[in-house]
Amino acid sequence: MDQKVLVLNGDYTAITLCSVQKAFVLLFLDKAEMIAKSDHGVLRTISTAYPKPSIIRLQRYVRVPYKGIALSRHNIMKRDHFECQYCGSTKTLTLDHVVPRSRGGESSWTNLLTACSRCNHAKGHRTPAEAGLTIRQVPKKPTLSGFLRLSAGTIDQNWHPYLTT
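Numbering (the UniProt record's numbering), first residue to last: 1 to 165.
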């Protein structure tokens with residue numbers, strides 16, 4: 001029951017993920033309609049079996065004030081797949097400023113990345129080029145659909161048309 005369900009707004013844009021239980025409640029209360037069923041089992045009551053939802057669409061359009069993905073330690077590590085962007089290690093991870101703060105570098109999506117403590121210490125107050133390090137993946141701000149893809153873990157095949165970037 002730890003599967004996720006993609007929630008679409010009234011205009012078929014992806015807005016969030018929710019649990020199967022929450023999706024079922026929205027369907028049962030007629031606040032949403034099922035767009036796609038999951039291939040992984042059914043929900044059972046004493047007398048009835050219901051298909052598990054994979055994608056639901058809200059009946060009414062909900063105005064969502066999109067403020068972007070929050071810049072946080074966890075979200076940066078999630079974007080970088082919880083691995084050092086210099087050597088690929090997954091141990092003792094920290095955040096590193098590409099342009100060091102001592103040189104005017106700011107804390108932003110494009111200047112922060114995940115680094116292991118060994119690489120972060122070796123880089124010190126230098127840029128990666130000055131320290132002889134190469135960045136595996138250039139840091140950038142994630143899109144909402146890309147971030148939903150990361151948050152879901154496993155992605156249902158039915159979701160692909162709705163999570164295009």
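All C-beta atoms, glycine included, are put in the ideal place defined by N, C-alpha and C.
What distance in whole Å lies between the Cβ atoms of residue 128 and residue 98, which are believed to be in contact at a cut-off of 8 Å? With 8 Å as the limit, residue 98 and residue 128 qualify as a contact, their Cβ atoms being about 6 Å apart.
By DSSP's criteria, residue 96 is part of a beta bridge. Which residues make up the other side? DSSP output for residue 96 lists 113 as bridge partner(s).
With distances taken between CB atoms, is the gap from residue 119 to residue 145 smaller than 9 Å? Not a contact, by the Cβ cut-off of 9 Å.
Touching or not, the segment 75-85 and the segment 104-114, by the rule of three or more beta carbon pairs under 8 Å? Taking a cut-off of 8 Å on C-beta distances, the segment 75-85 touches the segment 104-114, as three or more cross pairs fall below it.
For residue 142, count neighbouring C-beta atoms within 10 Å of its own C-beta (all shown protein chains included) and say buried if the count is 16 or more, exposed if not. Residue 142 should be labelled buried.
For residue 71, the nearest candidate out of 134, 16 and 107 (CA to CA): Nearest option by C-alpha distance: 107.
Would residue 139 pass as an interface residue toward chain C - the criterion being a Cβ-Cβ separation below 9 Å? This model lacks chain C altogether, as it is built from one protein chain only.
Residue span of the beta strand (DSSP E) that contains residue 40, given as start and end: The continuous beta strand (DSSP E) containing residue 40 extends over residues 32-44.
For residue 244, count the other beta carbons within 10 Å of its own beta carbon; 16 or more makes it buried, fewer makes it exposed. Which is it? Any answer about residue 244 is impossible in this case: the structure gives the chain only from 1 up to 165.
Residue 137 burial status per 10 Å Cβ neighbour count (16 or more: buried): Exposed, since its Cβ has fewer than 16 Cβ neighbours within 10 Å.
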